[in-house]
Amino acid sequence: MKSNKMRPESLMMTHGYKPELSEGSVKPPLFLTSTFAFKTAEEGKAFFELAYGLREKDQAEELGLIYSRINNPNLEILEERLCLWDKADQCAVFESGMSAISTVLLEFLKPGDLLVYSMPVYGGTNHFINHVLKDLGIHTIGFSPKHSESEIIELIENSGKKDKLSMIYVETPANPTNDLIDIEMCKTIGNKFEKEDQQVFLAVDNTYMGPLWSSPLSHGADLVLYSATKYIGGHSDLIAGAVLGNSEVMQRVKVLRTFLGNMPSPHTCWLLMRSLETLKVRMEQQARNAQEVANFLKEHPKVKNLNYLGFLDKSSKNYEVFKRQYTSNGAMISFEVEGKESDAFRFLNHLKLVKLAVSLGGTESLIQLPASMTHIGLDPALKQQIGITESLVRLSIGIEHHEDLIADIEQALSVV
Ligand SMILES: *Cc1c(COP(=O)(O)O)cnc(C)c1O
């Protein structure tokens with residue numbers, strides 16, 4: 007069998023690493039070095055030409071090791087492994103999800119350009135778009151999951167900047183409501199406004215579902231982004247990010263990363279490689295647990311407006327998008343606790359096993375209240391429009407025994 011026919015989970019322990027280059031060590035050592043010795047001066051020159059994007063790579067040529075801001079074995083092995091899940095040509099990992107996102111936005115947008123983005127996006131992304139990009143003279147339009155294709159086209163046409171559309175940026179499933187955005191629809195919209203001298207790039211933040219069960223690149227995305235802090239890292243013990251795409255776009259992303267210097271340390275890469283070995287078993291267990299917890303919540307009298315992808319109305323447009331884009335219900339749930347903010351607080355304060363903390367995708371279950379925590383900075387009208395109410399809680403399901411999770415949630419709901 008050819009190795010490229012194997013499934014990603016079979017390759018996560020070995021792909022991209024040659025033990026014979028490291029004393030036979032079965033596991034990649036941690037390469038704590040800032041710089042690498044060139045065999046010859048000619049070789050050093052050739053490596054730099056590629057790293058700075060000064061010429062195209064020859065067919066068989068590989069970028070050699072130069073300096074750990076540009077490349078490092080731990081960084082490169084990790085990137086090769088991440089490519090397998092998303093079937094991408096290339097990957098660039100970053101020191102955080104936000105550095106991955108901000109680098110992509112800065113590389114593909116210039117002053118005067120128009121960015122169209124889905125709402126809500128992650129709070130940090132929202133701030134970057136509406137403050138940092140705005141100060142740089144980049145025009146922005148947000149659309150909500152409820153907008154149709156023709157309504158989004160109308161927003162762009164009425165903006166007076168349609169000739170400057172350069173990027174459509176979407177986050178799907180949306181945090182914390184699990185609203186879905188149709189990636190193929192966004193691609194069609196982008197194509198409609200594309201001109202010879204103005205490409206429209208489509209970027210998708212796939213953090214919320216994680217890399218196993220959806221493949222935005224296969225639906226037309228040019229770039230897929232992750233906070234690797236979440237499912238990919240999966241143990242709530244590191245901060246990291248990743249961007250994947252074809253060689254052409256990734257070359258641009260990597261060159262900007264070289265000059266912003268926001269690559270992760272070898273140690274973070276090493277931890278992420280350890281995490282990738284168990285990504286599939288963790289996420290599958292998390293999704294199974296989420297199904298059990300969702301079944302319990304669905305029947306509970308103090309639970310309202312349960313958002314879980316396993317319970318979409320089969321006749322809805324959302325369900326059609328879900329079937330096309332995803333192969334699992336994932337492990338993220340949100341729901342309203344009957345009553346007001348103070349009732350939600352009581353529920354949260356009484357949980358014992360489920361920890362009250364932001365972030366998601368880790369081995370432990372975490373819960374938080376978006377309106378008062380992660381989404382506190384959002385415009386109140388927008389919160390209302392997308393259903394982020396004062397008693398909506400967001401639950402990230404971990405790998406505990408589902409009966410223990412349910413018992414904990416049940417006793418905490420009983421005090422509401
Ligand atoms: C956490 C998160 C981010 C930001 O990632 P960091 O690793 O915290 O910088 C971006 N997008 C989504 C959807 C997230 O959940």
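Residues 7 to 422 in our numbering are what the sequence shown spells out, letter by letter.
The beta-carbon is built from N, C-alpha and C at its ideal position, and this holds for glycine as well.
The model shown is predicted, which means the values in this text are computed figures rather than measured ones.
Next item on the list: May I ask you to check if the CB of S233 is nearer than 7 Å to at least one heavy atom of ligand 1?
Entry: True, at least one ligand heavy atom lies under 7 Å from that Cβ.
Next item on the list: Measure from the alpha carbon of E283 to the alpha carbon of each residue in R75, C192, S28 and W91, then state which is nearest.
Entry: The shortest CA-to-CA distance from E283 to any of R75, C192, S28 and W91 is the one to W91.
Check: Can A350 and V309 be called in contact, C-beta distance under 8 Å?
Finding: No, they are not a contact pair.
Checklist line | Closest residue to K140 among L115, V127 and N164 (Cα-Cα distance) | finding: Closest option to K140, Cα to Cα, is L115.
Margin query: Quick check on the DSSP output: the alpha helix (DSSP H) that includes E163 runs from which residue to which?
Written below: E163: member of the alpha helix (DSSP H) spanning E155 to N164, first to last residue.
Check: If we count the other Cβ atoms within 10 Å of its Cβ and call it buried at 16 or more, is N197 buried or exposed?
Finding: The residue is exposed, with fewer than 16 neighbouring Cβ atoms inside 10 Å.
Notebook entry, point to check: Are at least three pairs of beta-carbons, each pair with one atom in the stretch 326–344 and one in the stretch 207–223, less than 8 Å apart?
Noted result: At 8 Å Cβ cutoff, the stretches touch.
Note to self: Just to confirm my understanding: we take E202, look at its own chain, exclude 5 residues before and 5 after, and list those with CB closer than 8 Å. What are they?
What the structure shows: So no residue of the chain qualifies.
Notebook entry, point to check: If you check the beta carbons only, do A246 and E155 fall under 8 Å apart?
Noted result: Contact flag unset, no.
Notebook entry, point to check: Are there 16 or more other CB atoms within 10 angstroms of the CB of D169, so buried, or fewer, so exposed?
Noted result: With fewer than 16 Cβ atoms within 10 Å of its Cβ, D169 is classed as exposed.
Check: Excluding sequence positions up to five away, which residues of its chain have a Cβ less than 7 Å from the Cβ of L84?
Finding: So the qualifying residues of the chain are V99, C275, L278 and M279.
Note to self: Shorter than 7 Å, the distance from the beta carbon of N181 to the closest heavy atom of ligand 1, or not?
What the structure shows: Correct: N181 has its Cβ closer than 7 Å to ligand 1.
Next item on the list: Whole angstroms is fine: what's the gap from T264's alpha carbon to S74's?
Entry: Going by the C-alpha atoms only, they are around 10 Å apart.
Check: Measuring from the CB of L56, is there a heavy atom of ligand 1 at a distance below 7 Å?
Finding: It does not: the Cβ of L56 is nowhere closer than 7 Å to a heavy atom of ligand 1.
Notebook entry, point to check: So, helix, strand or coil for M7, using DSSP?
Noted result: Note that M7 scores a pLDDT of 49, beneath 50, so its modelled location is shaky; the value from the coordinates is reported in the next line. Coil at M7, not helix or strand.
Next item on the list: Work out the CA separation of F37 and L69 for me, nearest whole Å.
Entry: L69 and F37: Cα-Cα distance of roughly 17 Å.
Check: Are at least three pairs of beta-carbons, each pair with one atom in the stretch 370–378 and one in the stretch 400–419, less than 8 Å apart?
Finding: Enough Cβ pairs lie closer than 8 Å, so yes.
Notebook entry, point to check: Closer than 7 Å: is that where the CB of D211 sits relative to any heavy atom of ligand 1?
Noted result: Taking non-hydrogen atoms of ligand 1 into account, the C-beta of D211 is found less than 7 Å away from one of them.
Check: Buried or exposed: which applies to M256, given that a residue is buried once 16 or more other Cβ atoms fall within 10 Å of its Cβ?
Finding: Burial state of M256 is buried, judged by a 10 Å Cβ sphere holding 16 or more other Cβ atoms.
Check: Assuming S242 and G368 make a contact with CB atoms under 8 Å, what is their CB distance in whole Å?
Finding: 4 Å between Cβ atoms; contact.
Item checked: Classification of S183 by the beta-carbon crowding that lies within 10 angstroms, buried from 16 upward -> In the sequence as presented, Ser is not what sits at residue 183; that position holds Thr. Counting Cβ neighbours within 10 Å, T183 comes out buried, since at least 16 surround it.
Check: Quick one, which of K33, E15 and I76 has its alpha-carbon nearest L266's?
Finding: Measuring from the Cα of L266, the nearest candidate turns out to be I76.
Notebook entry, point to check: Contact between the stretch 123–143 and the stretch 103–115: three or more CB pairs below 8 Å?
Noted result: Segments in contact, yes.
Notebook entry, point to check: Helix, strand or coil for I382 per DSSP?
Noted result: In the three-state scheme derived from DSSP, where H, G and I count as helix and E and B as strand, I382 is classed as coil.
Notebook entry, point to check: From L27, S378 and K51, pick the residue whose C-alpha is nearest to that of E347; which is it?
Noted result: Among L27, S378 and K51, the Cα nearest to that of E347 belongs to S378.
Next item on the list: Can you check DSSP and say which residues form a bridge with C467?
Entry: Shown here, the chain extends from 7 to 422; a query on residue 467 therefore has no answer.
Notebook entry, point to check: Quick one, are the C-beta atoms of F341 and N313 less than 8 Å apart?
Noted result: Going by C-beta atoms, F341 is nearer than 8 Å to N313.
Check: Where do the N-terminal and C-terminal ends of the beta strand (DSSP E) with F351 fall, by residue?
Finding: Premise fails: F351 lies in the alpha helix (DSSP H), E347 to H356, not in any beta strand (DSSP E).
Notebook entry, point to check: Should I135 and Y123 be called a contact, given that it needs their Cβ atoms to be closer than 8 Å?
Noted result: Going by C-beta atoms, I135 is nearer than 8 Å to Y123.
Next item on the list: Give a single yes or no on whether M379 has its beta carbon closer than 7 Å to a heavy atom of ligand 1.
Entry: Incorrect: M379 has no Cβ contact closer than 7 Å to ligand 1.
Next item on the list: State the DSSP-derived secondary structure class of F149, mapped to helix, strand or coil.
Entry: If DSSP states are grouped into helix, strand and coil, F149 belongs with the strands.
Note to self: ligand 1 and S124: does the residue's C-beta get closer than 7 Å to at least one heavy atom of that ligand?
What the structure shows: In this structure, S124 has its CB at a distance of at least 7 Å from all heavy atoms of ligand 1.
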